[in-house]
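Colleague: Just so you know, the protein sequences line up as chains Z and D, in that order. All the letters of the first sequence, read from the start, carry residue numbers 6 to 381 under my numbering. All the letters of the second sequence, read from the start, carry residue numbers 837 to 988 under my numbering.
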Amino acid sequence: MENLLIEFLSNTGFALADYRNIIMILVGIIILYLGVAKEYEPLLLVPIGFGILIGNIPVIKDFGLGIYESGSFLNYVYYGVTHDIYPPLIFLGIGALTDFSTMLARPVLMLLGAAAQIGIFTTFLGALAIGFPPNEAASIGIIGGADGPTAIFLTAMLAPRLIGPIAVAAYSYMALVPVIQPPIMRLLTTRKERLIKMEEPREVSKKEKIIFPIVGFLLCCFLAPAALPLLGMLFFGNLLKECVVVERLARTARTSLIDIVTILLGVTVGASTQADVFLTRQSIGIFALGAFSFAIATASGVIFAKIMNLFLRKKINPLVGAAGVSAVPNSARVVQMVGQAEDPTNFLLMHAMAPNISGVIGSAIAAAILWSFMSL
Amino acid sequence: MFGFEAIIAHDGLGISVIGISIVFVSLILLSFAVSRIHKLIGLWDKRSKYYNRSKKPQQKDQKTPSVLVPTLPQDVQRVSRQFKLLIEWMGEPFPLPKLLDLSGKCGLSHPHSTINEFIKCELIIPAENGYYILNKQVEEKILLLEEKRSSA
Numbered sequence: 006m007e008n009l010l011i012e013f014l015s016n017t018g019f020a021l022a023d024y025r026n027i028i029m030i031l032v033g034i035i036i037l038y039l040g041v042a043k044e045y046e047p048l049l050l051v052p053i054g055f056g057i058l059i060g061n062i063p064v065i066k067d068f069g070l071g072i073y074e075s076g077s078f079l080n081y082v083y084y085g086v087t088h089d090i091y092p093p094l095i096f097l098g099i100g101a102l103t104d105f106s107t108m109l110a111r112p113v114l115m116l117l118g119a120a121a122q123i124g125i126f127t128t129f130l131g132a133l134a135i136g137f138p139p140n141e142a143a144s145i146g147i148i149g150g151a152d153g154p155t156a157i158f159l160t161a162m163l164a165p166r167l168i169g170p171i172a173v174a175a176y177s178y179m180a181l182v183p184v185i186q187p188p189i190m191r192l193l194t195t196r197k198e199r200l201i202k203m204e205e206p207r208e209v210s211k212k213e214k215i216i217f218p219i220v221g222f223l224l225c226c227f228l229a230p231a232a233l234p235l236l237g238m239l240f241f242g243n244l245l246k247e248c249v250v251v252e253r254l255a256r257t258a259r260t261s262l263i264d265i266v267t268i269l270l271g272v273t274v275g276a277s278t279q280a281d282v283f284l285t286r287q288s289i290g291i292f293a294l295g296a297f298s299f300a301i302a303t304a305s306g307v308i309f310a311k312i313m314n315l316f317l318r319k320k321i322n323p324l325v326g327a328a329g330v331s332a333v334p335n336s337a338r339v340v341q342m343v344g345q346a347e348d349p350t351n352f353l354l355m356h357a358m359a360p361n362i363s364g365v366i367g368s369a370i371a372a373a374i375l376w377s378f379m380s381l
Numbered sequence: 837m838f839g840f841e842a843i844i845a846h847d848g849l850g851i852s853v854i855g856i857s858i859v860f861v862s863l864i865l866l867s868f869a870v871s872r873i874h875k876l877i878g879l880w881d882k883r884s885k886y887y888n889r890s891k892k893p894q895q896k897d898q899k900t901p902s903v904l905v906p907t908l909p910q911d912v913q914r915v916s917r918q919f920k921l922l923i924e925w926m927g928e929p930f931p932l933p934k935l936l937d938l939s940g941k942c943g944l945s946h947p948h949s950t951i952n953e954f955i956k957c958e959l960i961i962p963a964e965n966g967y968y969i970l971n972k973q974v975e976e977k978i979l980l981l982e983e984k985r986s987s988a
C-alpha cells in the first residue's frame with residue numbers, strides 16, 4: 006500500500022515538473038491575463054493561454070496523454086493543425102464575416118496590403134542570415150503577415166516542428182498590435198500627415214460584391230495556385246455572405262464553424278508548446294524575428310502610403326498603410342485610434358479596412374509563393 | 837553558414853525579390869480588375885438602352901416616310917418651317933400654349949389645326965412635365981420630301 010502511494014506520488018505533476026514547465030505555465034498565465042484583463046484578442050489568447058497550461062502539465066511518457074503521443078485526444082485534435090485543416094476553415098469564416106466594400110470602392114488602397122508583405126521577405130532574409138535553413142526561415146518570415154492561420158498553414162507544410170513557437174508568436178503579435186504599431190506609425194509620420202482626411206468611399210453595388218469573390222479567386226489562384234486552400238475558402242466564404250441566397254450557410258461559416266475551429270486551433274496550438282519542445286534558443290530567435298517582421302511590415306505599409314501620396318491627387322492618410330498587415334480588424338482599429346488621437350473628427354476605420362483585407366490576400370499569396378519556392 | 841553568405845547560398849535575395857514582385861503584381865492586377873467591375877456592370881445594366889437606341893432609328897426610318905409624312909397636308913408641310921423657327925426662338929422643351937400664342941401673333945394661319953397635325957405626325961412630341969420638343973428625324977424627312985417635290 007505504501008509502495009502504491011509512493012508510485013502515485015512520483016507520477017503526479019508535482020514530482021514530474023521541472024523549471025521549464027513552471028516557466029511555460031507562467032507564460033500561459035500571462036497570455037490569459039492579456040486576453041481576459043487587457044482584452045487583447047481574447048478569442049485567440051484565451052484558448053491559446055489555456056492550451057499552454059494544458060500542454061505543460063507534466064505527464065508520464067507513453068501514457069497516451071501528451072499532444073505529441075499518437076492516439077491521445079490532443080493528438081487527434083492536433084491533426085487539424087498539422088494537416089492544414091483548420092487554417093482554410095478559419096479563412097472560410099473570415100470570408101463570410103468580411104465586407105469587402107471599402108476595398109472595392111477604392112482599389113488603389115490594395116497596394117498598401119502588398120507593401121506590408123515586404124516584412125515577410127525581409128524577415129526571411131534575416132532568418133537565413135542567423136542560420137535557419139530556408140524552409141524554417143520562410144515559416145518564420147510569414148509571422149510578419151500578422152495572419153495566424155496563414156503562419157500555421159505554411160509552417161505545417163515547411164517546418165512542422167516549429168508550429169508551436171511560430172503560431173504562438175504570430176498570434177501574440179496579432180494580439181499586441183495596439184502596443185507594437187502606434188509608436189512606429191507616429192515615428193514615420195508628421196502631424197500634418199496624420200491629420201489628412203480621406204474622402205468618403207463610393208457606394209458599392211450588390212452585383213459588384215457578388216462578382217468580386219469569383220473574379221478575385223480566379224485571378225489570385227491562377228497566379229499563385231498554392232494559395233488555393235486559403236484563398237479558395239476566403240472567397241467562397243465571402244460569396245456565401247454576399248449572394249444572400251444561402252444565408253444559413255453563411256451564418257454557420259461566420260458563427261458556429263469559425264468558433265469551433267478557433268477553439269480547437271487555439272487549444273491545440275497552445276498545448277503544442279510543451280516546455281521541452283518550446284523552450285529552446287530557436288524559439289527565442291523566432292520571437293525576436295517575429296517582432297522584427299511585424300515592425301518592418303508596419304513601416305513598409307506607412308512608407309509606401311507616403312510614396313503613393315507623391316503621385317495621387319486624392320491624398321491617403323499614411324497611417325492607413327499600417328493596416329496592410331493582415332491582423333483583421335485589429336490593425337484597422339489601431340489606425341482609427343491613432344488617427345482620432347490627432348483629430349477626433351477623422352474617421353479612418355473604413356479606409357483602413359481596405360489595406361487590411363488586401364493584406365490577408367497578400368499574405369496568403371506570399372505564403373503560397375514561399376511554399377512553391379521551397380518545394381522546388 | 838551565417839550572414840550574407842547564407843543568404844547568397846540559399847538564393848535568398850532572388851526568392852525575396854521575385855516573391856514580393858509576385859505579391860505586388862497579383863494585387864495590382866486584382867485592383868485593376870476590381871476597378872473595372874463596376875464599369876462593366878454599368879454597361880451591362882444599360883444594355884437594353886443601347887440596344888433600343890440602335891434599333892429606334894431603323895424603325896422610324898421605315899415608318900416616317902411611308903406612314904406619317906404623306907398624311908401631312910402640303911400647306912401644313914410648307915408652314916412647318918415657320919413653326920420650326922418659332923420653336924428655335926422659344927428653345928426646347930416648350931409649352932404648347934406659348935407656341936399657339938406666338939404663331940397667332942406672327943399671323944400664321946390656323947395655328948390650332950396645324951399644331952394638331954404636327955402632333956399627329958409626331959413632328960412635335962411630348963417631353964417631360966407637359967412640355968413638347970421637335971422630333972428632328974420626322975423634321976428631316978419632311979424637308980427631304982419637300983425638296984423632292986420642288987425638284988419634281
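Where is the CB? At the ideal position from N, CA and C, for every residue including glycine. Keep in mind the model is a prediction, meaning the values are calculated, not measured.
Once the 5 residues before and after D/P909 are set aside, which same chain residues still bring their CB inside 8 Å of it?
Modeller: To locate residue 909 of chain D, count along the second sequence from 1; it is residue 73. Result list for D/P909: E953, in chain order.
Colleague: Please confirm whether Z/S177 and Z/A164 have their CB atoms less than 7 Å apart.
Modeller: Counting from 1 along the first sequence, the entry for residue 177 of chain Z is found at position 172. Counting from 1 along the first sequence, the entry for residue 164 of chain Z is found at position 159. No, Cβ-Cβ distance for Z/S177 and Z/A164 is not below 7 Å.
Colleague: Closer than 8 Å between beta carbons: that is the criterion. Which residues of the segment 860-877 of chain D meet it against chain Z?
Modeller: F860, V861, S862, L863, I864, L865, L866, S867, F868, A869, V870, S871, I873, H874, I877
Colleague: If the criterion is Cβ atoms closer than 7 Å, does the pair D/Y887 and D/P929 meet it?
Modeller: In the second sequence, counting from the first residue as 1, residue 887 of chain D sits at position 51. In the second sequence, counting from the first residue as 1, residue 929 of chain D sits at position 93. Contact: no.
Colleague: Around the Cβ of Z/E12, are there at least 16 other Cβ atoms within 10 angstroms (buried) or fewer (exposed)?
Modeller: In the first sequence, counting from the first residue as 1, residue 12 of chain Z sits at position 7. Counting Cβ neighbours within 10 Å, Z/E12 comes out exposed, since fewer than 16 surround it.
Colleague: In terms of alpha-carbon separation, which member of Z/L94, Z/F55, Z/E46 lies closest to Z/V233?
Modeller: What you label residue 233 of chain Z is simply residue 228 of the first sequence in a count that begins at 1. The question names Val, but residue 233 of chain Z in the sequence shown is Leu. It is Z/L94.
Colleague: If the cut is a Cβ gap below 8 Å, which residues of chain D does Z/Q122 touch?
Modeller: What you label residue 122 of chain Z is simply residue 117 of the first sequence in a count that begins at 1. Under the 8 Å cutoff, chain D gives I856, V859.
Colleague: Taking Cβ positions only, does Z/V249 come closer than 7 Å to chain D?
Modeller: By 1-based counting over the first sequence, the position of residue 249 of chain Z is 244. It does not: the Cβ of Z/V249 has no partner Cβ on chain D nearer than 7 Å.
Colleague: Can you pull the DSSP bridge partners for D/L970?
Modeller: What you label residue 970 of chain D is simply residue 134 of the second sequence in a count that begins at 1. DSSP lists D/I960 as partners of D/L970.
Colleague: If I follow the unbroken alpha helix (DSSP H) through Z/A110, where does it start and stop?
Modeller: Here residue 110 of chain Z refers to the residue found at position 105 when the first sequence is read from its first residue. Element bounds for Z/A110: 106-110.
Colleague: Among all the DSSP beta bridges, which residues are the ones paired with D/F930?
Modeller: Locating residue 930 of chain D in the second sequence gives position 94, where the first residue counts as 1. The partner list for D/F930 (beta bridge, DSSP) reads D/Y968.
Colleague: Taking any Cβ of chain D, which residues in the segment 221-248 of chain Z have a Cβ under 7 Å from it, in chain order?
Modeller: G221, L224, C225, L228, A229
Colleague: Should Z/F2 and Z/G221 be called a contact, given that it needs their Cβ atoms to be closer than 7 Å?
Modeller: This structure gives no information on residue 2 of chain Z, because the portion of chain Z shown stretches from 6 to 381.
Colleague: Can you tell me which of the three DSSP states Z/C226 falls into?
Modeller: Looking up residue 226 of chain Z in the first sequence gives position 221. Helix, per DSSP.
Colleague: Flag this pair as yes or no: are the beta carbons of Z/A175 and Z/I135 separated by less than 7 Å?
Modeller: Reading the first sequence from its first residue, position 170 is the one you call residue 175 of chain Z. Reading the first sequence from its first residue, position 130 is the one you call residue 135 of chain Z. Contact flag unset, no.
Colleague: Buried or exposed for Z/Y24, please, with buried defined as at least 16 other CB atoms from any protein chain shown within 10 angstroms of its CB.
Modeller: Here residue 24 of chain Z corresponds to residue number 19 of the first sequence, with the count starting at 1. Burial call: exposed.
Colleague: So, helix, strand or coil for D/E924, using DSSP?
Modeller: Indexing the second sequence from 1 puts residue 924 of chain D at position 88. Helix at D/E924.
Colleague: For D/Q918, which of helix, strand or coil comes out of DSSP?
Modeller: Sequence index remark: in the second sequence, residue 918 of chain D carries index 82 (1-based). Of the three classes helix, strand and coil, the one that applies to D/Q918 here is helix, per DSSP.
Colleague: At a CB-CB cut-off below 8 Å, which residues of chain Z make contact with D/H946?
Modeller: On the second sequence, residue 946 of chain D is found 110 positions in, with the first residue counted as 1. The premise fails here: D/H946 is roughly 54 Å from chain Z at the closest Cβ pair, so nothing lies under 8 Å.
Colleague: In chain D, which residues lie less than 9 Å from Z/A203 when you measure between Cβ atoms?
Modeller: For the purposes of this step, residue 203 of chain Z is taken as residue 198 along the first sequence, with counting starting at 1. With the sequence shown as reference, residue 203 of chain Z is identified as Met, and Ala is not the correct amino acid for it. Ordered by position in chain D, no residue passes the 9 Å Cβ test against Z/M203, which lies about 17 Å from the chain.
Colleague: Which runs of the beta strand (DSSP E) at least 3 residues long sit entirely within the segment 12-98 of chain Z? Give them in chain order.
Modeller: none
Colleague: Give a yes or no on contact between the segment 269-283 of chain Z and the segment 25-43 of chain Z, applying the rule of three or more CB pairs nearer than 8 Å.
Modeller: Judged by Cβ distances under 8 Å, the segment 269-283 of chain Z makes contact with the segment 25-43 of chain Z, as three or more pairs qualify.
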